[in-house]
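Reminder that position 79 of the sequence shown reads as 78 in numbering that gives the first Met the number 0, one-by-one numbering, no gaps.
Report on the structure given below.
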Amino acid sequence: MANAANTGTQNPAMPHAGASASQGGASMLLRVVTPSRQLLSEPVEELQVPGKAGYLGILPGHAPMLSELRVGELTYRQGRNLHRLLITGGFLEVLPEQVTILAEAAERPEEIDLARAQTARDRAEKRLRSADPEVDLNRATVALERALIRIQLAGKS
Ligand code: ATP
């Protein structure tokens, strides 16, 4: 996926990414909402989300479903353009014409504060290395994962 950003070229994660906007493919409304804001409410033709058990690809007309989400990259396609968002877990509701993502946090790549994410990564790594029995290793692991994905996505903005 890394090389296909905004090119509309072949992308294994987005098998229809070569389609042109003028072909007027079917679309669905994608809404991304966090506790503090609605980040997105736009028609998209395809999306891929980090489900708890792995990435899920969704096209318009998908059967209704609910899923828990994990930290990762949400990718969606509008015409030939691929867009990315970071989401840090939450829930997904799929209806044939609408997908709603309730995310704990979500950011566009250009909104990510790289220095903050690097500080969060260093803090989490230090906690994971420490022998302190007070350290919550699960929490530090998830914080590290969030920070690493933010760093990765900030590099793609
Ligand atoms: P930190 O330790 O730096 O707060 P965190 O991973 O604990 O990082 P979250 O709990 O995921 O932070 O997010 C809290 C809020 O801060 C959310 O609104 C999120 O969008 C925002 N946020 C966190 N880190 C960044 C970042 N590096 N750049 C931009 N926004 C961020």
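Every residue gets a Cβ at the ideal spot worked out from N, C-alpha and C, and that includes glycine.
What you are looking at is a predicted structure, and each value in this text was computed from that prediction instead of being measured.
Query	Result
On the premise that Ala146 lies in contact with Val31, defined as a C-beta separation below 8 Å, what is that separation, rounded to the nearest angstrom?	Wrong, their Cβ atoms sit about 21 Å apart, outside the cutoff.
Look at the alpha carbon of Gly71 and the alpha carbon of Pro49, and state the distance between them as a whole number of angstroms.	6 Å
Mapping the DSSP letters down to three states, classify Glu124 as helix, strand or coil.	helix
DSSP on Leu113, reduced to helix/strand/coil?	helix
Quick one: is Met27 buried, meaning 16 or more other Cβ sit within 10 Å of its Cβ, or exposed?	buried
What's the C-alpha gap between Arg76 and Glu45?	5 Å
Please check the pair Ala142 and Ala123, which I expect to be a contact at CB under 8 Å, by giving their CB distance rounded to whole angstroms.	4 Å
Specify the secondary structure class of Thr99 as computed by DSSP and reduced to three states.	strand
Please return the same chain residues whose Cβ sits closer than 6 Å to the Cβ of Gly56, not counting the five positions on each side in sequence.	Gln47
Could you give the distance in angstroms between the alpha-carbon of Leu84 and the alpha-carbon of Lys51?	17 Å
Exposed or buried, Ala114, counting other C-beta atoms within 10 Å across all chains shown (16 or more means buried)?	exposed
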